Amino acid sequence: MAGYNRVIMVGNLTRDPENKQLSSGQSVCRLGLASNREYKNRQSGDLIQEVCFIDVDVWGPQAESCSKYLTKGRPVLVEGRLKFDSWEDKDGQKRNKIFIVADRVVFLNSGASDEQSDYSSSSRSASTSTVSASQEKNLFDQVDSLVRKKSVKPKVSAENAEMSFNDEPPFQDDLPF
Numbered sequence: 006m007a008g009y010n011r012v013i014m015v016g017n018l019t020r021d022p023e024n025k026q027l028s029s030g031q032s033v034c035r036l037g038l039a040s041n042r043e044y045k046n047r048q049s050g051d052l053i054q055e056v057c058f059i060d061v062d063v064w065g066p067q068a069e070s071c072s073k074y075l076t077k078g079r080p081v082l083v084e085g086r087l088k089f090d091s092w093e094d095k096d097g098q099k100r101n102k103i104f105i106v107a108d109r110v111v112f113l114n115s116g117a118s119d120e121q122s123d124y125s126s127s128s129r130s131a132s133t134s135t136v137s138a139s140q141e142k143n144l145f146d147q148v149d150s151l152v153r154k155k156s157v158k159p160k161v162s163a164e165n166a167e168m169s170f171n172d173e174p175p176f177q178d179d180l181p182f
């Protein structure tokens with residue numbers, strides 16, 4: 006059975022993009038991405054912050070754009086697939102890494118004062134790592150509108166309209182996923 010390998014991630018760049026030109030002439034740009042998650046511990050009531058760090062490889066003309074316009078701290082939306090890489094280091098130790106191969110990178114605005122479009126930029130200083138509530142809402146609104154533009158709405162026929170699995174509420178559980 007074929008699997009489904011798709012990831013959409015929003016976060017801030019942890020470093021300036023690293024662009025390389027391969028001998029074939031193709032460009033590849035490596036980005037470091039940090040995505041934050043905040044939640045409340047049910048037992049203690051403490052606010053917990055998790056950070057997920059992952060590398061992203063961007064290929065072709067998109068790699069050149071990322072290299073040219075992105076800087077450390079800039080928020081981006083990355084859409085692509087996960088890839089597993091395995092190799093031996095110089096000491097003979099087996100090493101593994103999971104990273105994202107990007108199909109699409111969207112340059113998000115850094116805040117309400119940023120009046121540039123999502124896809125263009127001029128030379129700017131890197132944004133800070135702390136994000137205000139209004140900036141966070143702005144980022145989520147941008148991501149929501151981008152995802153809605155790409156989503157496909159299923160067509161409902163008369164046959165399918167009457168079908169229902171049951172009238173129970175959605176599955177509720179304490180699991181975080």
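In terms of the numbering used here, the sequence shown has 27 at position 22, counting the first letter as 1, and numbering is strictly consecutive. Glycine included, every Cβ here is placed at the ideal spot set by N, Cα and C. Note that the structure is a prediction, hence the values are computed from the model and not measured.
Residue environment, residue i, which counts as buried when at least 16 other CB atoms sit within 10 Å
| i | result |
| --- | --- |
| N46 | exposed |
| V81 | buried |
| G65 | exposed |
| A7 | exposed |
| G85 | buried |
| S70 | buried |
| A117 | The predicted model places A117 with a pLDDT of 45, which falls under 50 and marks its position as unreliable; any figure quoted below should be read in that light. Exposed. |
8 angstroms contact criterion, which residue i and residue j should meet: CB distance rounded
| i | j | result |
| --- | --- | --- |
| F89 | I59 | Between I59 and F89 the Cβ distance is about 12 angstroms, and since that is not below 8 angstroms, they are no contact. |
| L52 | F112 | L52 to F112, Cβ: 30 angstroms. No contact. |
| L87 | N10 | 6 angstroms |
Pair within 8 angstroms by beta-carbon distance, residue i and residue j
| i | j | result |
| --- | --- | --- |
| S40 | G78 | no |
| M14 | L36 | no |
| V110 | V63 | yes |
| E43 | Q26 | no |
| V83 | V61 | yes |
| P22 | S91 | no |
| E93 | K102 | no |
*For the segment 10-93, list the alpha helix (DSSP H) runs that are entirely contained and at least 4 residues long, ordered along the chain.*
66-74
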